[in-house]
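**Student:** Here it is, the structure in full.
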Amino acid sequence: LIEDGNMHAGLRGWYELADDVDRDDKVGFSRIMARDIDKIGVEGIITKIKERIGNNPVYISVDIDVLDPSTAPATGTVEPGGWSSRELLSVLDGLDGLRVVGADVVEVSPPFDSGEVTTQVAGEVARSLLALMVLTPVV
394 LIEDGNMHAG LRGWYELADD VDRDDKVGFS RIMARDIDKI GVEGIITKIK
444 ERIGNNPVYI SVDIDVLDPS TAPATGTVEP GGWSSRELLS VLDGLDGLRV
494 VGADVVEVSP PFDSGEVTTQ VAGEVARSLL ALMVLTPVV
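Each residue of the sequence shown is one higher than the last, beginning at 394 in my numbering.
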C-alpha cells in the first residue's frame with residue numbers, strides 16, 4: 394500500500410466494484426463519493442482532503458464531470474448525482490492554506506456546450522484554483 398496523499402473526491406455513482414476499490418487502494422488513492430457531501434457536508438469534505446494532504450505540495454486536477462449534468466452538461470461522461478457548482482466552489486475555496494503547486498480543469502466538451510454553461514463553470518473553477526495558488530504561494 395502506498396500512502397502518498399492521492400485522493401479522488403466527488404466520485405459519482407456507486408463505484409464500489411471490488412476491482413476499482415482494490416486498484417485505488419494499491420496505488421494509494423482514498424475516495425470521497427459525491428453523495429458523501431449529503432452525510433458530512435462541504436466542511437466534512439474539506440476536512441478529509443486537508444487531513445489527507447497535510448502540508449505536502451499538491452496538484453489539483455478537477456474533472457468537470459464531478460458536477461451534476463444540470464450544472465455542467467457538456468462533459469465527456471454525463472452521469473447524474475454529481476456536486477453542484479456551488480458545492481464544488483465551496484470545497485475548493487475551503488482548501489485555502491494547502492500548498493497547491495499546479496492545477497487543471499479537464500473534460501469540458503465545447504461542442505456539447507450550447508449555452509456555454511459548462512464553460513462558465515469551468516472558468517470559475519479555474520479562478521478558484523488560481524486563487525489557492527496566489528493566496529498560499531509555494532516558495
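Where a beta carbon is used, it is the ideal one built from N, C-alpha and C, also for glycine.
Could you say if the segment 420-434 and the segment 451-458 meet the contact criterion of at least three C-beta pairs nearer than 8 Å?
**Tutor:** They do not touch, by the three-pair rule.
**Student:** Residue ranges of each beta strand (DSSP E) run of no fewer than 3 residues wholly in the segment 443-520, ordered along the chain?
**Tutor:** Fully enclosed beta strand (DSSP E) runs of 3 or longer: 450-456 and 492-499.
**Student:** Can you pull the DSSP bridge partners for R424?
**Tutor:** Note: R424 sits in a beta bridge opposite H401.
**Student:** Got a sec: does the ligand GDP put a non-hydrogen atom nearer than 6 Å to the Cβ of D458?
**Tutor:** In the structure on display, the ligand GDP does not appear, and there are no ligands present to speak of.
**Student:** Can you tell me the Cα-Cα spacing of G442 and V484, whole angstroms?
**Tutor:** Per the sequence shown, the amino acid found at residue 442 is Ile instead of Gly. Cα to Cα, I442 sits roughly 9 Å from V484.
**Student:** What number of angstroms, rounded off, separates the C-alpha of D506 from the C-alpha of R520?
**Tutor:** So the alpha carbons of these two residues sit roughly 20 Å apart.
**Student:** Quick one: grab the DSSP three-state call for V531.
**Tutor:** Here V531 sits in coil by DSSP.
**Student:** Just how far apart, CA to CA, sit R494 and G447?
**Tutor:** Inspection of the sequence shows that residue 494 is occupied by Val rather than by Arg. Each residue's Cα considered, the two are about 14 Å apart.
**Student:** Could you compute how far the alpha carbon of E436 sits from the alpha carbon of L482?
**Tutor:** So the two alpha carbons sit approximately 12 Å from each other.
**Student:** Could you check how far apart the C-beta atoms of V471 and G403 are, in whole angstroms? I think they sit under 8 Å.
**Tutor:** Rounded, the Cβ-Cβ distance is 15 Å, inconsistent with contact.
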